[in-house]
Structures are given as structure tokens and as C-alpha cells.
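In this note's numbering, the protein residues as written are 1238 to 1616.
We treat Cβ as the ideally placed atom computed from N, Cα and C, and that holds for glycine.
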Amino acid sequence: MSEEVKRGLEGVVVAESGLSFINGDEGRLIYRGYEIEDLARNASYEEVLYLLWHGELPTRDELADFSESMAEERELDEDVLDTVRKLAEADEQPMAAVRTAVSMLSAYDPEDADAEPTDREVNLRKGRRITAKVPTLVAAFKRIRNGNDPVEPRKDLGHAENFLYMLNDEEPDEVLAETFDMALVLHADHGLNASTFSSMVTSSTLSDLHSAITSAVGTLAGPLHGGANANVMKMLKEIDESGKGTKTWVDDALDRGDRIMGFGHRVYNVKDPRAKILGEKSEELGEAAGDTKWYEMSVEIEEYMRDEKGLAPNVDFYSASTYYQMGIPIDLYTPIFAMSRVGGWIGHVLEQYDDNRLIRPRAKYTGSKQEDWVPIDER
Ligand SMILES: CC(=O)SCCNC(=O)CCNC(=O)[C@H](O)C(C)(C)COP(=O)(O)OP(=O)(O)OC[C@H]1O[C@@H](n2cnc3c(N)ncnc32)[C@H](O)[C@@H]1OP(=O)(O)O
Ligand SMILES: O=C([O-])CC(=O)C(=O)O
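Written as C-alpha cells, this is what we have:
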């Protein structure tokens, strides 16, 4: 058996998937055959969820039924809301609150606890409930943390629009609702990224869907993955406040050996196609507000990183200034990523259950193979 170590599993193909395809040299991303640009500009998040879970775009009637069934599931059980309240009052990290609450949703899910963990129909219903409830718990967390009452979800609003309504107790204008919906579409799936792989590892033991999604939330939170979007905005603010000038700030950071958040990618060798679209949104929001400072600073960093390091922005880079200009608190950027990516996680877990084999790689042992036993008093 080969002992070659593939650090970080780079380039290792471990599964077949019909969900999304990435061409890292051309900067191309497709979900089930559809270009991400087409989906982002034309499809709603609900439409993309249907596509990911059912394999084809819904008809108008199918989409209406699906969206209605999602909207029906938005409310949280009192006990879950109580836990969210306690976590917000204890000033818990938002991603830790999402992880805890998602795990707790399992106890209140109405499906038969004895159902086979791999039952596709049961998992589609569970998945719909989880996806519908994550925005409610993120918005409730933010409201309670700010000393406000949570806002009850509304069934007459779309997934994106309803989230912004619950977050701010105010219906968003059309531009904000469309921009947010587009951001959800862009983040919905991305091959075997770390959090998706984590959900697959958990489900490959035939553990249940809630456990798989809980694993994935924990994995997304790290700054090398979904957590980078919040760090990008912290960096932009730090550059602004430092008065140093963008290039000097970035140079100093690189000299210290720091990574510039929102740059680099395991699969893309060129600019992430999602960053292109989010960059446009960041610019448009700046122009509408009469201040393109954050966008311009981002472009300056992008050009400098390209020239100095040959690195291009990933999805997290321009989502930061887009969300900031939408007035979303910085520490909610990664929970928002989870709100969207939960759709992809569920799609991949369904695939895993449909053709399961335990995921279990090996490590090359580098420790000693022969030590003489030493009694504890002689060590
Ligand atoms: C949604 C997402 O998860 S997108 C990714 C979000 N994460 C970030 O933006 C964090 C910053 N980026 C990174 O840390 C990395 O680019 C990752 C984690 C995304 C990819 O990592 P890997 O594929 O393992 O690349 P690796 O860490 O081997 O980096 C390759 C080289 O590029 C450099 N590099 C990679 N990213 C960066 C960066 N953001 N800033 C500075 N240098 C970088 C590394 O230092 C390394 O240089 P070296 O060969 O001279 O040592
Ligand atoms: O694919 C990856 O490794 C990271 C990423 O861009 C994502 O999860 O959207």
C-alpha cells in the first residue's frame, strides 16, 4: 500500500457527485450544469435548493409548492428559541450558537426517531426544516443580543427577504433583498470544500442528518474557510483606521508572514467567479450610497496581491464589503454563509447516503515502533 502522504488531501478524488463542478484554471463554477453567473442573476435561493436536491430546475408550480413548504417551517420551537436567547445573552460566538441550535433542532424534529438515517424522503423533509430554521435562529440571536425581541418569520416573504425582515424588523428594499438572495445562491454549493467533506464523513458512519450538518457548521467556522469573510472586513477597517495606506499595510502583514484573508484557494488558480459577481455588487452598493471607499480599497488589495503574490480573491473577499454596506453585523457573515451552504451540505449528504461507504483514510505513522515498557515510578 502506497505511503505517499497527500497533505490536506490535495487533489485526492474521494467521491462522485452530480451537484457542482469547478474548473479552477478557467474560474468556472456550475451547479448541475448551470453556470453560476446565470443562476446568480436569474434564480432565487429556493430555486437553487430545488435544483441541488432534486436534480432539475423546478416548474413554476413546483417552485411555488417548494417555497411554501419551506416558509411553513420557519418558526422555532420555544425551547430552541430559549436556548438561542441564553446563548445571545451569554454573548456566545454566533457560529457556536448556530452549531448548538442546529444540533438541538434534532430533538424537536417531528420525524420518527426510528426512521432509517438514510431514508431520502425523510431527509428531504428534515433538510427543508433545517434550512428554513437557520435564518430564524441567526436573526433571533442578533435581535436578542442587541436587547430586542426576535421578529417572527413571515410566510409571505421569500427566504432571503424574510431573513432581512427578521434581522431588522423592517422589510428590505428590493435592491437589498435581491443582493442578499444572490449572495445565498453564490454560496450554496462548492464541491468537496472542507465543511461539505466534514458532513460527508459524519454521514458515512450512518449517523443522522442533524449530526452531519452540525459537524459542517463547526468546520465552516474556521478562518481558513467560511470564517474568512468576517476577517476580511476586520482587515479593511483596520487598514482604514491605520492611516498607513493599503499597500503598506498589506506589505507589513505579508512581511510578518500573515495570510491576507479572502485570497488564495485550493482549487482556483484564477479569480473565483463568485468574487467577480460580489465585486460588482459591492461597487453598486457603494455607488448607491455615494461612497465607494470599501470597494476601492478592496480593488487596490486585489491588484496588489495579484502583482506581489500571484493570488486572486476568493468568494469571501467581496462578500465582506457587500454585507458591510448592507448594514449586516460583521460577526454574522459566517452564519450567513452557513444559512446558504446548508443547502449544499444536505445535497451531498443525500448523495453519500444513496451510495454509502465509510470514509476512513490512513495516516503514515511516524512514531516509534519499539519502546520497552517502563513502570510509572521509574520514568
Ligand atoms: C469559502 C472558502 O473557504 S474560500 C477560502 C477562505 N480562506 C481564506 O481566504 C484564508 C486565506 N487563504 C488561505 O489561507 C489559503 O489560500 C487557503 C487555506 C484558502 C488554501 O490553502 P492551500 O491550498 O493549503 O494553500 P497553501 O496554504 O499551501 O498556500 C500556498 C502558498 O500560497 C501562500 N498563500 C496562500 N494563501 C495566502 C494568503 N491568503 N495570503 C498570503 N499568502 C497566501 C502560502 O503562504 C503558500 O506559500 P508558500 O508556498 O510560499 O509557503
Ligand atoms: O471550495 C473550497 O475549498 C472553499 C470554497 O470556496 C467554498 O467552500 O465555497
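Name, in chain order, the residues that DSSP records as bridge partners for residue 1258. 1267
Hey, which unbroken runs of the alpha helix (DSSP H) at 4 residues or more fall wholly within the stretch 1339-1398? 1357-1382
Round the Cβ separation of residue 1588 and residue 1254 to the nearest angstrom and send it over; I've been treating them as touching at under 8 Å. 6 Å
Exposure label - residue 1525; buried when at least 16 CB within 10 Å: exposed
Tell me the start and end of each unbroken alpha helix (DSSP H) in the stretch 1403-1439 that is at least 4 residues and wholly inside, in chain order. 1411-1424
Quick check on DSSP: helix, strand or coil for residue 1198? The question about residue 1198 has no answer here: the residues shown for the chain are numbered 1238 through 1616.
What would DSSP say about residue 1272, mapped onto helix, strand or coil? strand
So, for residue 1367: in the same chain, excluding its five sequence neighbours on each side, which residues have a beta-carbon less than 8 Å away from its beta-carbon? 1339, 1342, 1446, 1447, 1450, 1579, 1583
Give me the residue from 1547, 1468, 1439 with the minimum Cα distance to residue 1454. 1439
Whole angstroms are fine: how far does the CA of residue 1259 sit from the CA of residue 1431? 15 Å
Verify the contact flag: residue 1488, CB atom, against every heavy atom of ligand 1, threshold strictly below 7 Å. no
Between the alpha carbons of residue 1429 and residue 1616, how many angstroms are there, rounded? 46 Å
Quick check on residue 1295: does DSSP put it in helix, strand or coil? coil
Own chain partners of residue 1618 with C-beta closer than 6 Å, once the 5 adjacent residues on each side are dropped: Look at the range of the chain in this structure, 1238 to 1616, and you will see that residue 1618 is not part of it.
Pairwise C-alpha distance: residue 1518 and residue 1416: 7 Å
Verify whether the separation of the beta carbon atoms of residue 1388 and residue 1277 is less than 8 Å. no
Under the three-state DSSP convention, the category residue 1550 falls into: strand
In the DSSP assignment, what residue or residues form a beta bridge with residue 1500? 1550
For residue 1601, is the classification buried or exposed, using 16 other Cβ atoms within 10 angstroms of its Cβ as the cut-off for buried? exposed
What I want to know is whether the C-beta of residue 1503 ends up closer than 7 Å to one or more non-hydrogen atoms of ligand 1. yes
Under 7 Å: does the beta carbon of residue 1369 sit that close to some heavy atom of ligand 2? no
Helix, strand or coil: how does DSSP classify residue 1337 here? helix
Using 8 Å as the threshold, is the stretch 1532-1543 in touch with the stretch 1293-1308, meaning 3 or more CB pairs across them? no
If we ignore side chains and look at the alpha-carbon of each, how far apart do residue 1318 and residue 1312 end up? 9 Å
Measuring straight from C-alpha to C-alpha, what distance separates residue 1575 and residue 1457? 7 Å
Closer than 7 Å to a non-hydrogen atom of ligand 1 - does that hold for the CB of residue 1267? no
Segment contact, 8 Å Cβ cut-off, at least three pairs: the stretch 1466-1479 with the stretch 1544-1564: yes
Start and end of the alpha helix (DSSP H) containing residue 1462? Taken as a continuous stretch (DSSP letters only), residue 1462 belongs to no alpha helix (DSSP H), as it is neither H nor E.
Do the stretch 1244-1252 and the stretch 1504-1516 meet, that is, are 3 or more Cβ pairs less than 8 Å apart? no
Hey, residue 1257 and residue 1426: beta-carbon distance below 8 Å or not? yes
Using three-state DSSP, classify residue 1602 as helix, strand or coil. coil
Report yes or no: do the stretch 1403-1416 and the stretch 1535-1548 share at least 3 C-beta pairs separated by less than 8 Å? no
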